[in-house]
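If you read the sequence shown in the numbering used here, its first letter stands for residue 6, the second for the next number, and so on.
Presented below is the structure to which this report refers.
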Amino acid sequence: MDTDTDILRRLHYAAAIACGVFAALVMHIVLTVFGVGLDAVLRDAAAGNKPQLISALAWWAIGGAGFVGGWATGAYLIAAARERDFVYRLARGFLVALVFAAATAGGIMSKTGNLGGTVDVIAGLTALGLGLICAFCGARLAYLNAEQV
């Protein structure tokens, strides 16, 4: 029985990290649609400080979304495993809204004609890596807090 609990815990942990990465990628898509993504400094390398500021803010927003997504999903799965119904219903609604926002942003992004190429691949892979690291940290924090309670 102990191995079943350990397997379930690892599955919850992986799901929390995956949701954090998903939240980071959603943030990257939304920022790119609005023209303030990680690719701003790559596109206008000789421009000056404004693209660097935009890129730095996008970096923090994507990292923050990954961390919060990993932590919130971890906390949600812990609460669901402990059978707290209110948190389960609240988080389910939030996840539905997040998927809707991602689908909408992806649809809008697919309609723009100037996206694609090496710069966007580099920015996308950077967002993926940043989201993965921050989602891992957020999920780990949620599970460390749960072990203390």
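From the three backbone atoms N, C-alpha and C, an ideal C-beta is built for every residue, glycine too.
Since the model is a prediction, treat every value here as computed from it, not as a measurement.
Whole-number beta carbon distance between residue j and residue i, since they are thought to touch under 8 angstroms
i      : j     : result
Cys142 : Ala29 : Cys142 to Ala29, Cβ: 12 angstroms. No contact.
Ala96  : Tyr81 : 4 angstroms
Rounded straight-line distance, which links the Cα of residue j to that of residue i
i      : j      : result
Ala70  : Thr8   : 32 angstroms
Asp125 : Ile22  : 23 angstroms
Met6   : Ile59  : With a pLDDT of only 48 at Met6, under 50, the local geometry of the prediction cannot be trusted, and no value is derived from it.
Gly129 : Val104 : 19 angstroms
Thr10  : Lys55  : 50 angstroms
Gly1   : Gly136 : The shown model of the chain, from 6 to 154, leaves out residue 1, and the question about it has no answer.
Gly1   : Phe91  : There is no way to answer for residue 1, as the model of the chain reaches only from 6 to 154.
Glu88  : Arg94  : 11 angstroms
Val31  : Gly134 : 14 angstroms
Ile12  : Tyr18  : 10 angstroms
Ala151 : Leu16  : 16 angstroms
Gly40  : Ala86  : 40 angstroms
Arg14  : Leu100 : 20 angstroms
Ile127 : Gln153 : 39 angstroms
Local Cβ density within 10 Å of residue i, reported as buried at 16 or more and exposed below that
i      : result
Trp76  : buried
Thr123 : exposed
Leu43  : buried
Ile83  : buried
Gly79  : buried
Gly25  : buried
Residue i versus the options, residue with shortest Cα-Cα distance
i      : options                           : result
Gln57  : Leu130, Thr109 and Ala45          : Ala45
Ile67  : Ala151, Thr131, Gln153 and Leu146 : Thr131
Ala106 : Ala61, Phe27 and Arg14            : Phe27
Count the C-beta pairs between the stretch 34 to 42 and the stretch 144 to 153 that are closer than 8 angstroms, then say yes if the count reaches three, no if not.
Fewer than three pairs of CB atoms, one per stretch, sit closer than 8 angstroms, so the stretch 34 to 42 makes no contact with the stretch 144 to 153.
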